[in-house]
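Worksheet: one structure, shown below.
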Amino acid sequence: MLDKRGFSMHNACMSHAQRVQTSRDVCFVRAYAKINLTLDVLGRRADGYHELATVMQTVDLYDTLCLTAIDDNQVQVICTSPALSNDENLAGRAAQLVRQRLAITQGVRIELYKRIPMAAGLGGGSSDAAAVLLALQQWWQLPFTPADLLDMAASLGSDVPFFLTGGLALCEGRGERVSPLPAYWPLPMRWLLLLKPSIGISTAAVFRSLSASDYTDGRYSRLVCGALSARSELQSENLHNGLERSVLNSYPEVARAREDLLAAGASLVRLSGSGPTLFAPFSELAKAIEVQRRLQAQGYEVYLSRAVSPDGDVNLF
Ligand code: C5P
């Protein structure tokens, strides 16, 4: 009972108002990272993208964005990572897209406090972009329909539509067809360690390196969706990521980090997205912290996290 109560409190409801906080002059918004529980690559499409079925979940590692109105007719991005303080930044491009669609001349400055590692497989840039779309819609009371927002999100990147809702979802197509799933998360996975090897990986390069043997028919994502909706136990062999073989073969740092996570006490380790971040679930906080400390002593960047639903409660089973 105590255990249960502790966790329902731990997963206290985070309302939409907590994700986006606005006043007349300033708007704060959180952008959560994600992990992929499954990632089936069905095959390569004529347009060069790959057909996917992937189950994604937002986690409580987040970037904070602060939007302010400026007098100039432009978008400025100032980021705690200097490499991201430029026009290519997806958050800035999202604001520019909104202004273009509605011929808005009001300028905006985006201050971006980056905590989610970049090019890490955690969807940080995509989440920042979705956060800007949601923030501007709410702050400036824009007339976009959900379909407009989805369309803009998909034009910014395959993962961006998922972050409009976040939580737990099945994403198909190139990732932009999002079916939200009920907010349940397996109790044995209540704590997550995210280990970010010290390399960045290009998603495009990983997809290019796939061979036909990496393709599946979407069965792992279907099985995991079925288990989640039945609230039955997840089978570790179904937590399949079709990009993992190629990444472990091509990037020895990731293969080594995976071995080190297992040696430090993790019982299950999976790649998130195209990596290099690996995640390992734990049912006990004490164990997760022990493993985290061991890995940090080896010089690894490791985050302790949990599943979150930006717009509501996460129920554990
Ligand atoms: O959509 P996004 O710009 O995030 O994708 C980055 C790159 O990853 C694409 O240019 C493409 O090479 C690859 N990709 C893919 N199939 C997907 C998603 C991404 O091949 N479903």
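With this note's numbering applied, the sequence shown corresponds to residues 715 to 1031, in that order. Where a beta carbon is used, it is the ideal one built from N, C-alpha and C, also for glycine.
- Look at Phe876: its beta carbon is at least 8 angstroms from all of the heavy atoms in the ligand C5P.
- Annotation for Leu756: His764, Glu765, Leu766, Ala767, Tyr929, Thr930, Asp931, Gly932 place their beta carbon closer than 8 angstroms to its own, counting only its chain and skipping 5 residues before and after.
- In the structure shown, Gly838 adopts helical secondary structure according to DSSP, grouped into three states.
- In the three-state DSSP reduction, Val1022 falls in the coil class, being neither helix nor strand.
- In the three-state reduction of the DSSP assignment, Ser893 falls in the strand class.
- Non-local beta-carbon contacts of Ala978 in its own chain, meaning distances under 7 angstroms to residues more than five positions away in sequence, involve Val1005, Arg1008, Leu1009 in chain order.
- Membership of Gln735 in any alpha helix (DSSP H) is not indicated; the residue belongs instead to the beta strand (DSSP E) covering 734–736.
- Per DSSP, reduced to three states, the secondary structure at Arg945 is coil, with no helix or strand assignment.
- Checking the 8 angstroms criterion, the Cβ of Ser925 is out of range of every heavy atom belonging to the ligand C5P.
- According to the DSSP secondary-structure assignment, Gln790 is paired through a beta bridge with Arg823.
- For the ligand C5P, no non-hydrogen atom lies closer than 8 angstroms to the CB of Thr859.
- For Pro875, the enclosing alpha helix (DSSP H) has its first and last residue at 874–879.
- Checking the 8 angstroms criterion, the Cβ of Gly871 is within range of a heavy atom belonging to the ligand C5P.
- Per DSSP, Met770 is one residue of the beta strand (DSSP E) stretching across 764–784.
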